[in-house]
Amino acid sequence: MSGATLLEGKAVADQIRSEVAPRVAAFTADVGRPPGLGIVLVGDDPASELYVRSKLKTASEAGLRADLERLPSTATLAETLAVVERLNRSEAHDGILVQSPLPAAMGDDAEHRVFDALDPAKDVDGFHPANVGKLVQNRAALVSCTPIGIIELLERTGIAIAGARAVVIGRSDIVGKPMALLLMHRHATVTICHSRTSDLAQVAAQADILVAATGRPGMVTKEFVKPGAVVVDVGTTPLSDRAAVERMFPPGSTRHGVFLKRGSLVVGDVHPEVAQVAGTLTPVPGGVGPLTIALLLRNTVQAAELRARKGGKHR
Ligand code: NAP
Numbered sequence: 128m129s130g131a132t133l134l135e136g137k138a139v140a141d142q143i144r145s146e147v148a149p150r151v152a153a154f155t156a157d158v159g160r161p162p163g164l165g166i167v168l169v170g171d172d173p174a175s176e177l178y179v180r181s182k183l184k185t186a187s188e189a190g191l192r193a194d195l196e197r198l199p200s201t202a203t204l205a206e207t208l209a210v211v212e213r214l215n216r217s218e219a220h221d222g223i224l225v226q227s228p229l230p231a232a233m234g235d236d237a238e239h240r241v242f243d244a245l246d247p248a249k250d251v252d253g254f255h256p257a258n259v260g261k262l263v264q265n266r267a268a269l270v271s272c273t274p275i276g277i278i279e280l281l282e283r284t285g286i287a288i289a290g291a292r293a294v295v296i297g298r299s300d301i302v303g304k305p306m307a308l309l310l311m312h313r314h315a316t317v318t319i320c321h322s323r324t325s326d327l328a329q330v331a332a333q334a335d336i337l338v339a340a341t342g343r344p345g346m347v348t349k350e351f352v353k354p355g356a357v358v359v360d361v362g363t364t365p366l367s368d369r370a371a372v373e374r375m376f377p378p379g380s381t382r383h384g385v386f387l388k389r390g391s392l393v394v395g396d397v398h399p400e401v402a403q404v405a406g407t408l409t410p411v412p413g414g415v416g417p418l419t420i421a422l423l424l425r426n427t428v429q430a431a432e433l434r435a436r437k438g439g440k441h442r
């Protein structure tokens, strides 16, 4: 039984892409080259390969220059930093994205070291501390793509954020924290939850807008959701274990059929039973996912425009 309205991300992502297209054309005509994105991929993590391929394809289709800088899984931190430095200096690249995760062998602080090395003006993922600091002060130009994509989805579908009680489950630098800040700047009253939160379901059930970003399949059940709430499911976890899939999708359901056909299924943090109580719900796949890439395009074009305005000579 499904009572919730499904909030698909594709329509809003298409809208954002159509707004970006004339900006790409104008930049290319004015500056004499397209906006450029450099993607750094270290190692051969299959999920990262997939994300990077999709980002390259979407960027090229949008008329951007998109270059992949590949390093083997044995690459050192120094080698990775050297690629970042080269892209920082490149006139042809306005945006740089370093795909997470970096190989574990690079060390615990490798991602911070790499993000710290990015030119903040080219940091299209919004991970550099200068951009994070600006986000805290509500004056950022480049903000992490997934959370700003969720804000676009909510605002463009007429969901009121100001005055709403919002609960974000997850406190990562990539999703949870920027999500909470963006909601707060739009005047929601925000609670951030994590793995040590007591009475999590009760806290979550106070939310008018509930954002789940944990990577725990089906963790958010009916008890977590106030009737009529807006539920945003950020989680994307590939499951290949049949029992785990059947805890969310029983035999005979459409998604179970997809699992049988493919041998794996990408699932969200929100259990399908939530559709019985939520007012609005983003599906997985097809909810938040399409927005992340659309916002990467917009951030890259924005970075290109800002650089061109400042330098006037990035040809
Ligand atoms: P992450 O860095 O692993 O962070 C997960 C967060 O969830 C942590 O703050 C953790 O709490 C919290 N958490 C884990 N188990 C919990 C539990 N049982 N109860 C309450 N909180 C719990 O993950 P992430 O990078 O933020 O990503 C989250 C999910 O979003 C993943 O499935 C990822 O694949 C997906 N994602 C999707 C997109 C997209 O475009 N659709 C983009 C980015 C991420 P602690 O801090 O206490 O450990």
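Heads up: take any position in the sequence shown, counting from 1, add 127, and you land on my numbering. The beta-carbon is built from N, C-alpha and C at its ideal position, and this holds for glycine as well.
Under the three-state DSSP convention, the category residue i falls into
| i | result |
| --- | --- |
| E196 | strand |
| T409 | coil |
| I288 | coil |
| A267 | coil |
| T201 | coil |
| P365 | strand |
| V358 | strand |
| V394 | strand |
| D243 | helix |
| V211 | helix |
| R442 | In this prediction, R442 has a pLDDT of 49, which is less than 50 and means its spatial position is unreliable; what the coordinates show is noted afterwards. Looking at R442 - three-state DSSP - the assignment turns out to be coil, as it is neither helix nor strand. |
| V259 | helix |
Expected contact under 8 Å - CB spacing of residue i and residue j to nearest Å
| i | j | result |
| --- | --- | --- |
| L134 | L308 | Between L308 and L134 the Cβ distance is about 22 Å, and since that is not below 8 Å, they are no contact. |
| G136 | G413 | 6 Å |
| I275 | R313 | The pair is not a contact, with the Cβ atoms about 11 Å apart (cut-off 8 Å). |
| D236 | H255 | With 8 Å as the limit, D236 and H255 do not qualify as a contact, their Cβ atoms being about 15 Å apart. |
| F403 | G170 | In the sequence as presented, Phe is not what sits at residue 403; that position holds Gln. Their Cβ separation, rounded to whole angstroms, is 41 Å, which puts Q403 and G170 out of contact at 8 Å. |
| I166 | A193 | 7 Å |
| V330 | T318 | 6 Å |
One or two residues paired with residue i in a DSSP bridge
| i | result |
| --- | --- |
| I275 | Answer is none; I275 lacks a bridge partner. |
| T132 | T407 |
| L224 | I166 |
| D250 | I223 |
Residue from the options whose Cα sits closest to the Cα of residue i
| i | options | result |
| --- | --- | --- |
| T407 | P161, F351, A356 | A356 |
| V79 | P399, I223, F386 | The structure shown does not extend to residue 79, since the chain is modelled only from 128 through 442, so no value can be given for it. |
| G234 | T207, N215, L183, V259 | T207 |
| R292 | I286, N265, Q333 | Q333 |
| I277 | R343, A268, A232, V302 | V302 |
| E432 | A140, V139, P161, I143 | P161 |
| Q226 | A219, V241, L418 | V241 |
| T246 | H220, V401, A189, V263 | The identity of residue 246 in the sequence shown is Asp, whereas the question assumes Thr. With distances taken between Cα atoms, D246 lies closest to H220. |
Which residue spans inside the stretch 275 to 354 form an unbroken beta strand (DSSP E) run of at least 3?
-> Runs of the beta strand (DSSP E) lying entirely within the stretch 275 to 354 and spanning at least 3 residues, in chain order: 292 to 296, 316 to 320, 336 to 339.
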